[in-house]
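Chemist:
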Ligand SMILES: Cc1cc2nc3c(=O)[nH]c(=O)nc-3n(C[C@H](O)[C@H](O)[C@H](O)COP(=O)(O)OP(=O)(O)OC[C@H]3O[C@@H](n4cnc5c(N)ncnc54)[C@H](O)[C@@H]3O)c2cc1C
């Protein structure tokens, strides 16, 4: 008779590997089914290969980074604050380094090192990993169909990820698997991706501004704000500030709404500060050209573009700048508007939105509400977060939570402190 695993984890990415490692530690018989020939392909490229794996922030602050009702996600984040995740990885031999922005990185290793530590843990605690195993069907009970056969498990954790960077294996299979079970799903969309403007900004390609404030205006919706760096790419605008607003823009565009991005290039200056600086500039350097003067605030090429948008020649010398022209320039510096007409394609999005509807899942246990023995973890769920380590945090927390729930359901003690390194949660 065929062995029936306690838990089959479908997808050997960040969430699936964390789930499997935690379940193996709890003494479960675990098999990971991964469609590509290597686990953790996407994990290995996170944070430019350096792996920004969580964020040093309270659960409450972190909840605000996710695109879902904070009340839904708070219990999970309280149970798995960032200290808990750091401790989990420390127990696997990965120590953490926290940078000045609160981003948490592995110390002395990289994102591949995180992947390898998880795989080591699974191997040494008796788990099995089957690569080249693409799951094509699920039957409650659970029978798991693959291209070249089938297997059975008492419990299944679906951790197939989203639909971006398909070469890493994340091709969006999770939606079809869930739909075949009749689960409610939300179509994929690019949640963290660059935005396409109506205006051709290619002459600015390569220009970056280290810190801007931005507001995304979607007709009929609450304005969304973000700050961070801003990059002009060839066909898109990008940077952390833009990525964090992309999901809302994508939703607005899909609904046929007008989407406008308003950028404040000088977030640390009020209009009155700018007026003072113009007055001082006029006195000290009356012959200075406007474009050169603006170079003190923004990159030179951007300064020239802002002059054009304000309808003032960049060559105008400060002594000859009229009050109306100055006001127009100050307005541009504080609120340049770009009409947004699209996003980068899905396959290049850092994170995808959409997935299994949260209505189908108990986020306190990661259990499917309608199917005993079915669990979810990671990006396959209809949740996404800002950049900064939050998406991986979600992958670890949901993966470990699913493992703990399966272990508890099978009568194992999932909360032995030596297993998961739980620490008291702060608010
Ligand atoms: C370039 C880039 C950089 C990023 N940097 C960061 C960062 O620094 N910090 C951060 O927090 N987040 C980052 N992210 C996001 C983060 O990588 C994801 O949110 C995270 O990997 C999601 O984990 P997951 O396990 O849910 O999905 P994935 O990591 O996508 O793993 C899913 C796995 O399931 C497998 N699979 C899919 N379908 C099947 C099937 N039918 N059968 C079997 N296996 C299947 C896939 O091959 C894959 O291995 C980054 C993403 C990208 C693309």
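In this note's numbering, the protein residues as written are 58 to 484.
For each residue, glycine too, the CB sits at the ideal point set by N, CA and C.
Bear in mind that the values here come from a model prediction, so they are computed numbers and not experimental data.
Is the beta carbon of residue 240 sitting closer than 7 Å to the one on residue 67?
Modeler: On the chain shown, position 183 is the one that residue 240 refers to. On the chain shown, position 10 is the one that residue 67 refers to. No, the Cβ-Cβ distance between residue 240 and residue 67 is not below 7 Å.
Chemist: Could you pull out every unbroken beta strand (DSSP E) segment of at least 3 residues lying fully inside the segment 233–305, listed in chain order?
Modeler: The segment 233–305 contains these whole beta strand (DSSP E) runs: 242–249, 252–254, 265–275 and 281–289.
Chemist: Could you tell me which uninterrupted alpha helix (DSSP H) segments, each at least 4 residues in length, are contained entirely in the segment 413–470, listed from first to last along the chain?
Modeler: Correct list: 447–466.
Chemist: Enumerated in chain order, which unbroken segments of the beta strand (DSSP E) with a length of 3 residues or greater are wholly contained in the segment 77–117?
Modeler: Entirely contained in the segment 77–117, the beta strand (DSSP E) runs reaching 3 residues are, in chain order, 87–90.
Chemist: Would you call residue 259 buried or exposed, if buried means 16 or more other Cβ atoms sit within 10 Å of its Cβ?
Modeler: Along the chain shown, one-based indexing puts residue 259 at 202. Classification for residue 259: exposed.
Chemist: Mapping the DSSP letters down to three states, classify residue 129 as helix, strand or coil.
Modeler: As a working mapping, residue 129 is identified with position 72 in the chain shown. Residue 129: helix per DSSP, three-state reduction.
Chemist: Does DSSP put residue 387 in a helix, a strand or coil?
Modeler: Counted from its first residue, the chain shown places residue 387 at position 330. In this structure, residue 387 counts as helix in the three-state DSSP scheme.
Chemist: For residue 176, is the classification buried or exposed, using 16 other Cβ atoms within 10 angstroms of its Cβ as the cut-off for buried?
Modeler: Along the chain shown, read from residue 1 onward, the residue named residue 176 stands at position 119. Burial call: buried.
Chemist: Determine the direct distance from the alpha carbon of residue 324 to that of residue 391, and round the result to whole angstroms.
Modeler: By one-based count along the chain shown, residue 391 stands at place 334. By one-based count along the chain shown, residue 324 stands at place 267. Approximately 7 Å, taken between the alpha carbons.
Chemist: Please state whether DSSP places residue 354 in a helix, a strand or coil.
Modeler: For the purposes of this step, residue 354 is identified with residue 297 of the chain shown, where counting begins at 1. In this structure, residue 354 counts as coil in the three-state DSSP scheme.
Chemist: Run the proximity test for residue 388: is its beta-carbon closer than 6 Å to any non-hydrogen atom belonging to ligand 3?
Modeler: Within the structure as shown, ligand 3 is missing, the only ligands being ligand 1.
Chemist: Considering only the beta carbon of each residue, do residue 110 and residue 61 sit closer than 7 Å?
Modeler: Your numbering for residue 110 matches position 53 in the chain shown. Your numbering for residue 61 matches position 4 in the chain shown. No.
Chemist: Quick check: does the Cβ of residue 139 come within less than 6 Å of any heavy atom belonging to ligand 1?
Modeler: Position 82 of the chain shown holds residue 139. No; taking the cut-off as 6 Å, the Cβ of residue 139 has no heavy atom of ligand 1 nearer than that.
Chemist: Considering only C-alpha positions, which residue in the set 444, 401 and 461 is nearest to residue 103?
Modeler: The residue labelled residue 103 in the question sits at position 46 within the chain shown. Checked all of 444, 401 and 461; the closest Cα to residue 103 is 444.
Chemist: From the DSSP output, in three-state form, read off residue 137 for me.
Modeler: Along the chain shown, one-based indexing puts residue 137 at 80. Coil at residue 137, not helix or strand.
Chemist: Compute every distance between the C-beta of residue 401 and the non-hydrogen atoms of ligand 1, then say whether any falls below 6 Å.
Modeler: Stepping through the chain shown from its first residue, residue 401 is reached at position 344. For ligand 1, not one heavy atom lies less than 6 Å from the Cβ of residue 401.
Chemist: For residue 412 and residue 431, which I take to be in contact (beta-carbon distance under 8 Å), what is that distance rounded to the nearest angstrom?
Modeler: Here residue 412 corresponds to residue number 355 of the chain shown, with the count starting at 1. Here residue 431 corresponds to residue number 374 of the chain shown, with the count starting at 1. Their Cβ separation, rounded to whole angstroms, is 14 Å, which puts residue 412 and residue 431 out of contact at 8 Å.
Chemist: Since residue 187 sits in a beta bridge, which residues does DSSP pair it with?
Modeler: Residue mapping note: residue 187 aligns to position 130 of the chain shown, counting from 1. Per DSSP, 90.
Chemist: Measure from the alpha carbon of residue 463 to the alpha carbon of each residue in 217, 203, 82 and 170, then state which is nearest.
Modeler: Within the chain shown, the letter at position 406 stands for residue 463. For the residues 217, 203, 82 and 170, the minimum Cα distance to residue 463 belongs to 82.
Chemist: Taking residue 78 and residue 178 to be in contact with their CB atoms under 8 Å, please state how far apart those CB atoms are, rounded to whole angstroms.
Modeler: Here residue 78 refers to the residue found at position 21 when the chain shown is read from its first residue. Here residue 178 refers to the residue found at position 121 when the chain shown is read from its first residue. Yes, residue 78 and residue 178 are in contact; Cβ-Cβ is about 4 Å, under 8 Å.
Chemist: Starting from the C-beta of residue 98, find all residues in its chain whose C-beta is less than 6 Å away, skip the five residues before and the five after it, and write them out in chain order.
Modeler: Reading the chain shown from its first residue, position 41 is the one you call residue 98. Contacts found: 225 and 226.
Chemist: Shortest alpha-carbon distance to residue 194 belongs to which of 232, 185 and 181?
Modeler: In the chain shown, counting from the first residue as 1, residue 194 sits at position 137. Comparing Cα-Cα distances from residue 194 to each of 232, 185 and 181, the minimum goes to 232.
Chemist: For a test of your reading of the model: does the CB of residue 301 fall under 6 Å from any non-hydrogen atom of ligand 1? Yes or no.
Modeler: Taking the first residue of the chain shown as 1, we reach residue 301 at position 244. Every heavy atom of ligand 1 is 6 Å or more from the Cβ of residue 301, so no.
Chemist: Taking 6 Å as the limit between beta carbons, can you name the residues of its chain near residue 320, skipping five residues before and five after?
Modeler: Taking the chain shown and counting its residues from 1, the one referred to as residue 320 is at position 263. Cβ neighbours of residue 320 beyond the five flanking positions: 269, 271 and 393.
Chemist: Expressed to the nearest angstrom, what Euclidean distance is found between the alpha-carbon atoms of residue 474 and residue 468?
Modeler: In the chain shown, the residue the question calls residue 474 occupies position 417. In the chain shown, the residue the question calls residue 468 occupies position 411. Any reading at residue 474 must be qualified, since the residue scores a pLDDT of 43, below 50, and its modelled position is unreliable; the value itself is stated next. Near 16 Å, if we compare the C-alpha coordinates of residue 468 and residue 474.
Chemist: By alpha-carbon positions, which one of 219, 341 and 253 ends up nearest to residue 72?
Modeler: Start at 1 with the first residue of the chain shown, and residue 72 comes out as number 15. Here the closest residue by C-alpha is 219.
Chemist: Are at least three pairs of beta-carbons, each pair with one atom in the segment 303–321 and one in the segment 366–373, less than 8 Å apart?
Modeler: No, the segment 303–321 does not touch the segment 366–373.
Chemist: Out of 327, 456 and 229, point me to the one whose CA is closest to residue 145's CA.
Modeler: Your numbering for residue 145 matches position 88 in the chain shown. Comparing Cα positions, the closest option is 456.
Chemist: Between the C-alpha atoms of residue 327 and residue 237, what's the straight-line distance to the nearest angstrom?
Modeler: Within the chain shown, the letter at position 270 stands for residue 327. Within the chain shown, the letter at position 180 stands for residue 237. Approximately 55 Å between the Cα atoms of the pair.
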